[in-house]
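Q:
4 protein chains.
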Amino acid sequence: MAEPNPDRRNERSRQAILTAALELCQEQNFAKVTMEGIAKRAGVGKQTIYRWWPSKAAILLEALRDRARASDDFPDTGDIVADLRDQMTQVVEVFNDPVSAGYNSGLIAAAQSDPDIAKAIVDFIVQPRVEHCANRLKVAQQAGQVRDDVAAADIVELLYAPLYYRFLLHTRPVSVEQLDLILELAFAGLTPR
Amino acid sequence: MAEPNPDRRNERSRQAILTAALELCQEQNFAKVTMEGIAKRAGVGKQTIYRWWPSKAAILLEALRDRARASDDFPDTGDIVADLRDQMTQVVEVFNDPVSAGYNSGLIAAAQSDPDIAKAIVDFIVQPRVEHCANRLKVAQQAGQVRDDVAAADIVELLYAPLYYRFLLHTRPVSVEQLDLILELAFAGLTPR
Amino acid sequence: MAEPNPDRRNERSRQAILTAALELCQEQNFAKVTMEGIAKRAGVGKQTIYRWWPSKAAILLEALRDRARASDDFPDTGDIVADLRDQMTQVVEVFNDPVSAGYNSGLIAAAQSDPDIAKAIVDFIVQPRVEHCANRLKVAQQAGQVRDDVAAADIVELLYAPLYYRFLLHTRPVSVEQLDLILELAFAGLTPR
Amino acid sequence: MAEPNPDRRNERSRQAILTAALELCQEQNFAKVTMEGIAKRAGVGKQTIYRWWPSKAAILLEALRDRARASDDFPDTGDIVADLRDQMTQVVEVFNDPVSAGYNSGLIAAAQSDPDIAKAIVDFIVQPRVEHCANRLKVAQQAGQVRDDVAAADIVELLYAPLYYRFLLHTRPVSVEQLDLILELAFAGLTPR
DNA sequence: GTTTAAACGAGACGGTACGTCTCGTCTTCCC
DNA sequence: GGGAAGACGAGACGTACCGTCTCGTTTAAAC
Chain L
4 MAEPNPDRRN ERSRQAILTA ALELCQEQNF AKVTMEGIAK RAGVGKQTIY RWWPSKAAIL
64 LEALRDRARA SDDFPDTGDI VADLRDQMTQ VVEVFNDPVS AGYNSGLIAA AQSDPDIAKA
124 IVDFIVQPRV EHCANRLKVA QQAGQVRDDV AAADIVELLY APLYYRFLLH TRPVSVEQLD
184 LILELAFAGL TPR
Chain W
4 MAEPNPDRRN ERSRQAILTA ALELCQEQNF AKVTMEGIAK RAGVGKQTIY RWWPSKAAIL
64 LEALRDRARA SDDFPDTGDI VADLRDQMTQ VVEVFNDPVS AGYNSGLIAA AQSDPDIAKA
124 IVDFIVQPRV EHCANRLKVA QQAGQVRDDV AAADIVELLY APLYYRFLLH TRPVSVEQLD
184 LILELAFAGL TPR
Chain D
4 MAEPNPDRRN ERSRQAILTA ALELCQEQNF AKVTMEGIAK RAGVGKQTIY RWWPSKAAIL
64 LEALRDRARA SDDFPDTGDI VADLRDQMTQ VVEVFNDPVS AGYNSGLIAA AQSDPDIAKA
124 IVDFIVQPRV EHCANRLKVA QQAGQVRDDV AAADIVELLY APLYYRFLLH TRPVSVEQLD
184 LILELAFAGL TPR
Chain S
4 MAEPNPDRRN ERSRQAILTA ALELCQEQNF AKVTMEGIAK RAGVGKQTIY RWWPSKAAIL
64 LEALRDRARA SDDFPDTGDI VADLRDQMTQ VVEVFNDPVS AGYNSGLIAA AQSDPDIAKA
124 IVDFIVQPRV EHCANRLKVA QQAGQVRDDV AAADIVELLY APLYYRFLLH TRPVSVEQLD
184 LILELAFAGL TPR
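Residue numbers (the working numbering), protein chains in the order written: chain L, 4 to 196; chain W, 4 to 196; chain D, 4 to 196; chain S, 4 to 196.
(1) Assuming residue 114 of chain S contacts residue 61 of chain S under a Cβ cut-off of 8 Å, what Cβ separation, rounded to an integer in Å, is found between them?
(2) Going by the beta-carbon positions, is the gap between residue 166 of chain S and residue 177 of chain S smaller than 8 Å?
(3) Should residue 49 of chain D be labelled buried (16 or more other beta-carbon atoms within 10 Å of its own) or exposed?
(4) So, residue 159 of chain L versus residue 133 of chain L, is the Cβ gap smaller than 8 Å?
(5) Tell me, please, whether the CB atom of residue 22 of chain W is closer than 8 Å to any CB atom in chain L?
(6) Would you say residue 79 of chain L lies against chain W (beta-carbon separation less than 8 Å)?
(7) At the 8 Å Cβ level, is residue 135 of chain S part of the contact set with chain D, yes or no?
(8) Looking at C-beta atoms only, is the number of pairs between the stretch 92-106 of chain W and the stretch 35-48 of chain W that lie closer than 8 Å three or more?
(9) Figure out for me which residue from D:6, D:128, D:9 and D:185 has the closest Cα to the Cα of residue 88 of chain D.
(10) Check whether chain D comes within 8 Å of residue 160 of chain S, counting only Cβ atoms and requiring the distance to be less than that.
(11) Is any heavy atom in the ligand ATP found nearer than 7 Å to the beta carbon of residue 163 of chain W?
(12) Where do the N-terminal and C-terminal ends of the alpha helix (DSSP H) with residue 132 of chain D fall, by residue?
(13) At the level of alpha carbons, what is the spacing between residue 210 of chain S and residue 136 of chain D?
(14) Would you call residue 53 of chain L buried or exposed, if buried means 16 or more other Cβ atoms sit within 10 Å of its Cβ?
(15) If you follow the alpha helix (DSSP H) that residue 159 of chain D is in, where does it begin and where does it stop?
(16) Please confirm if residue 165 of chain W has its CB atom under 8 Å from at least one CB of chain L.
(17) So if I threshold CB-CB distances at 9 Å, which residues from the stretch 136-151 of chain W count as touching chain L?
(18) Could you tell me the distance, in whole angstroms, from the CA atom of residue 30 of chain L to the CA atom of residue 171 of chain L?
(19) Indicate whether residue 150 of chain L and residue 77 of chain L have their beta-carbon atoms separated by less than 8 Å.
(20) In chain order, which alpha helix (DSSP H) runs of at least 4 residues are fully inside the stretch 76-119 of chain L?
(21) Going by Cα to Cα distance, which pick from D:181, D:128, D:157 and D:148 is closest to residue 71 of chain D?
(22) Should residue 182 of chain L be flagged as near chain W, meaning a C-beta pair shorter than 8 Å?
(23) Write down every uninterrupted run of the beta strand (DSSP E) in the stretch 23-57 of chain L whose length is 3 residues or greater and which is fully enclosed by it, in chain order.
(24) Please check if any C-beta of chain D sits within less than 8 Å of the C-beta of residue 58 of chain S.
(25) Select from D:192, D:82 and D:23 the residue whose C-alpha is nearest the C-alpha of residue 67 of chain D.
(26) Under three-state DSSP, which class holds residue 9 of chain D?
(27) Shortest alpha-carbon distance to residue 91 of chain L belongs to which of L:183, L:191 and L:192?
(28) Taking Cβ-Cβ distances below 8 Å as the criterion, which residues of the stretch 91-111 of chain S are in contact with chain D?
(29) Please compile the residues from chain S whose C-beta is within a distance smaller than 9 Å of the C-beta of residue 41 of chain D.
(30) Measuring CA to CA, which of W:169, W:59, W:153 and W:26 is closest to residue 125 of chain L?
(31) Is residue 116 of chain L closer than 8 Å to residue 34 of chain W when the C-beta atoms are compared?
(32) Which residues in chain D have a C-beta closer than 7 Å to the C-beta of residue 13 of chain S? List them in chain order.
(33) Distance, Cα to Cα, residue 112 of chain S vs residue 112 of chain D?
(34) Please list, in chain order, the chain W residues whose beta carbon lies closer than 7 Å to that of residue 197 of chain L.
(35) Can you grab the Cα-Cα spacing for the pair residue 152 of chain L / residue 81 of chain W, in whole Å?
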């Protein structure tokens with residue numbers, strides 16, 4: 004009935020669950036990870052999991068947020084295109100690393116049938132990164148390096164979408180070559196004349 | 004052991020299964036559809052399903068291919084941007100229609116943990132449409148309406164990716180406004196000078 | 004992997020399963036009873052059955068043991084032949100009652116292809132009754148009413164075997180007339196001279 | 004609908020089915036033999052089996068009848084007890100041979116839930132042998148070697164029942180020692196005084 | 001320092017769906 | 001038209017997880 008009291012929560016168990024979830028997701032793949040498996044690996048009762056998380060996706064989401072933190076500062080060398088390439092290269096690497104690719108595609112898959120997960124992904128994963136990028140773009144706009152009649156967020160979308168497109172549709176591998184292409188095409192139209 | 008003989012296959016059962024799968028996917032959602040449910044609805048033994056399809060995603064994929072057919076010709080009015088907007092508007096509508104959105108996001112979700120499904124989606128759904136679009140773009144390139152130093156397929160990616168991005172990441176609704184923005188930005192850089 | 008812990012066992016479920024098994028065996032017949040049917044009738048998950056019993060025969064065996072209990076004392080009026088007729092008449096009745104005949108022949112049939120069941124039938128059903136009868140016979144032997152150069156257990160076999168013979172081979176109906184015949188023939192040779 | 008016409012029946016198929024049934028019953032055990040397995044082994048369509056036999060037990064029964072034939076003459080050396088021991092020893096051997104024991108116990112098990120099988124076993128297996136034995140006993144009765152106020156068939160029952168008892172109830176192994184005991188006890192009462 | 005209530009591990013429970021197996025029927029094509 | 005081959009509807013099999021529900025057993029705040 005009543006909600007559990009977070010003050011009395013056992014941090015050791017919480018960590019064990021997050022760790023177990025991450026490990027299992029690395030060893031198998033998101034779709035094959037089960038609540039039961041996480042509980043067993045973490046040495047934890049199933050109830051303890053269900054008390055604090057509604058789904059395995061929620062656990063992984065928290066695990067990622069917990070483990071990630073920071074590192075999402077956007078570089079500013081003055082050269083917007085170079086900075087973007089720099090940052091987007093990291094995304095390419097994440098999408099090409101089997102381990103983190105597993106998390107990401109699994110979570111996005113789960114989001115397709117679970118609005119809560121969808122919202123959490125946007126709020127905690129996507130939105131913050133978009134904002135960092137948008138902020139850097141705004142600086143470039145003020146510096147006259149980028150058209151300023153377009154919302155920065157829309158530019159972010161235009162740049163990152165092709166990476167997600169290949170990543171999720173599995174048409175072609177996400178790659179640095181793709182990156183160059185995207186930047187070339189986008190900035191052909193974005194550069195003020 | 005041996006593969007079943009397709010010549011002896013019962014077409015009535017095949018149709019019943021495809022129909023049942025589509026209906027159930029409309030009434031509930033892809034993730035909640037089960038092999039058992041399809042069998043019951045189709046009035047068919049489970050073995051008959053497993054004999055011909057490896058997964059519910061495969062059934063739906065075949066159902067979509069079977070039901071779709073045609074309709075994939077790309078208009079050519081001479082105005083490439085108008086033609087693209089026309090065609091992409093249909094995609095926006097598909098992504099906004101609860102029924103077909105269910106199929107699509109469900110299948111793409113399934114593809115994240117099943118390479119066979121991923122391949123089938125690319126081969127039978129994505130690739131044909133990409134090609135139609137690319138062909139239209141090539142005409143425009145030859146007509147000097149579009150930069151011809153860029154592969155048509157890459158342009159397709161640049162245009163469609165933002166739609167999939169919003170559709171799968173659930174950041175913002177896919178919309179016609181988004182369409183205009185994409186076209187505006189893309190063609191700012193794609194128009195030969 | 005590990006065995007389940009009997010302390011945590013739910014007695015209500017156990018009873019429901021035993022009852023359901025007995026009822027179904029009465030309504031249909033042993034061969035038509037299924038694990039699934041028992042689970043449904045008992046309002047119980049199939050796993051709960053498989054956790055505690057290896058087969059439907061094992062369930063019925065436990066049900067019979069549980070429901071039977073007592074009633075297995077052998078009368079002793081001083082007249083060994085009368086006492087035997089009395090007791091054996093009960094067996095005749097069991098073999099002629101459609102309900103209990105179903106259990107018994109079904110279980111014995113199951114025993115033909117399942118050594119565990121065979122052992123359980125001997126240990127928990129047959130052996131105890133044989134012993135009761137043998138004990139009564141030993142008293143008669145000490146009283147000089149029955150030859151004492153023959154093991155009591157062998158006499159029990161000689162007496163009961165013809166009942167089982169007709170019951171399992173379905174040659175002729177088991178009957179009280181048969182009983183008189185058996186006793187007459189057996190005691191013609193068993194009476195000391 | 005209509006009965007199949009036995010004249011057009013393929014004897015090769017019939018033989019192949021009987022042989023396959025016997026072989027499978029030897030390799031595995033009666034309970035594990037399936038119609039499907041027999042059809043495959045015999046290189047025969049399932050329909051061909053179902054056209055001519057109602058159950059696997061019926062097949063085996065026919066196979067046994069077909070293969071057995073004759074050999075069931077009862078010896079007559081003038082010594083009724085010796086002749087009985089001789090004949091019953093063969094039964095003991097059958098019950099102790101893993102292969103034939105499998106057929107017999109399997110068929111008797113099947114008979115418990117299938118009256119047709121039960122009837123067929125009595126008519127084609129049990130009854131003929133009982134009659135042979137009874138005939139020999141009648142000769143002994145006329146020779147004044149056996150009480151003639153008891154039906155020969157009832158004596159047969161008294162003698163053979165204990166063998167079946169041990170065979171089907173698996174209490175103790177059927178053995179030649181048991182035979183001596185039975186004969187000793189029975190003839191103590193059967194010998195005219 | 002005890003009390004005490006909530007979180008915990010463990011895992012049994014009622015369920016649902018899985019993918020496989022066998023049943024007995026139906027269909028197709030061959031001889 | 002019988003037979004081989006095998007697809008079919010049906011449904012039980014035994015397993016895996018689901019999410020809920022007891023069980024004692026810590027464990028940390030309240031007394």
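We treat Cβ as the ideally placed atom computed from N, Cα and C, and that holds for glycine.
A: Inspection of the coordinates gives the following:
(1) As a position in the fourth sequence, residue 114 of chain S is number 111, starting the count at 1. As a position in the fourth sequence, residue 61 of chain S is number 58, starting the count at 1. That pair is no contact at about 11 Å.
(2) Position 163 of the fourth sequence, counted from the first residue, corresponds to residue 166 of chain S. Position 174 of the fourth sequence, counted from the first residue, corresponds to residue 177 of chain S. Contact: yes.
(3) For the purposes of this step, residue 49 of chain D is identified with residue 46 of the third sequence, where counting begins at 1. Result: exposed.
(4) Here residue 159 of chain L refers to the residue found at position 156 of the first sequence. Here residue 133 of chain L refers to the residue found at position 130 of the first sequence. In contact: residue 159 of chain L and residue 133 of chain L (Cβ atoms closer than 8 Å).
(5) Here residue 22 of chain W refers to the residue found at position 19 of the second sequence. Not one chain L Cβ lies under 8 Å of residue 22 of chain W.
(6) Position 76 of the first sequence, counted from the start, is the residue given in the question as residue 79 of chain L. It does not; no Cβ of chain W falls within 8 Å.
(7) Taking the first residue of the fourth sequence as 1, we reach residue 135 of chain S at position 132. It does not: the Cβ of residue 135 of chain S has no partner Cβ on chain D nearer than 8 Å.
(8) no
(9) As a working note, residue 88 of chain D is residue 85 in the third sequence. Nearest C-alpha to residue 88 of chain D: D:185.
(10) Taking the fourth sequence and counting its residues from 1, the one referred to as residue 160 of chain S is at position 157. Yes - at least one Cβ of chain D is within 8 Å of the one on residue 160 of chain S.
(11) The ligand ATP is not among the ligands present in this structure, which contains no ligands whatsoever.
(12) Sequence index remark: in the third sequence, residue 132 of chain D carries index 129 (1-based). Looking at the DSSP string, the run of the alpha helix (DSSP H) that includes residue 132 of chain D is 130-145.
(13) With chain S represented from 4 up to 196, any question about residue 210 of chain S goes unanswered, as that position is not in the structure.
(14) As a position in the first sequence, residue 53 of chain L is number 50, starting the count at 1. By the 10 Å Cβ count, residue 53 of chain L comes out exposed.
(15) Position 156 of the third sequence, counting from 1, holds the residue named residue 159 of chain D. From DSSP, the alpha helix (DSSP H) with residue 159 of chain D extends over 155-172.
(16) Within the second sequence, the letter at position 162 stands for residue 165 of chain W. Output row for residue 165 of chain W: interface = yes.
(17) 150
(18) To locate residue 30 of chain L, count along the first sequence from 1; it is residue 27. To locate residue 171 of chain L, count along the first sequence from 1; it is residue 168. In a straight line, the C-alpha of residue 30 of chain L is about 21 Å away from that of residue 171 of chain L.
(19) Mapped onto the first sequence, residue 150 of chain L falls at position 147. Mapped onto the first sequence, residue 77 of chain L falls at position 74. No, these two residues do not count as a Cβ contact at 8 Å.
(20) 83-99 and 101-114
(21) Stepping through the third sequence from its first residue, residue 71 of chain D is reached at position 68. When each option's Cα is compared against that of residue 71 of chain D, the closest is D:128.
(22) Numbered from 1 along the first sequence, position 179 holds the residue referred to as residue 182 of chain L. No, no contact with chain W.
(23) none
(24) Counting from one through the fourth sequence, the residue named residue 58 of chain S turns up at place 55. Not an interface residue.
(25) As a position in the third sequence, residue 67 of chain D is number 64, starting the count at 1. Nearest of D:192, D:82 and D:23 to residue 67 of chain D, Cα basis: D:23.
(26) In the third sequence, residue 9 of chain D corresponds to position 6, counting from 1. Helix.
(27) Residue mapping note: residue 91 of chain L aligns to position 88 of the first sequence, counting from 1. Measuring from the Cα of residue 91 of chain L, the nearest candidate turns out to be L:183.
(28) 108, 109 and 111
(29) In the third sequence, residue 41 of chain D corresponds to position 38, counting from 1. Within 9 Å Cβ-Cβ: nothing; residue 41 of chain D doesn't reach chain S, min ~17 Å.
(30) Start at 1 with the first residue of the first sequence, and residue 125 of chain L comes out as number 122. Answer by Cα proximity: W:169.
(31) Within the second sequence, residue 34 of chain W is the residue found at index 31, counting from 1. Within the first sequence, residue 116 of chain L is the residue found at index 113, counting from 1. Yes. Within cutoff.
(32) Counting from one through the fourth sequence, the residue named residue 13 of chain S turns up at place 10. In chain order: nothing, as chain D lies at least about 32 Å away.
(33) For the purposes of this step, residue 112 of chain S is identified with residue 109 of the fourth sequence, where counting begins at 1. For the purposes of this step, residue 112 of chain D is identified with residue 109 of the third sequence, where counting begins at 1. Their Cα atoms are separated by approximately 4 Å.
(34) It is not possible to answer for residue 197 of chain L, since the shown part of chain L is limited to 4 through 196.
(35) As a first step, residue 152 of chain L is located in the first sequence; it is residue number 149 there, counting from the start. As a first step, residue 81 of chain W is located in the second sequence; it is residue number 78 there, counting from the start. Roughly 29 Å separates the two Cα atoms.
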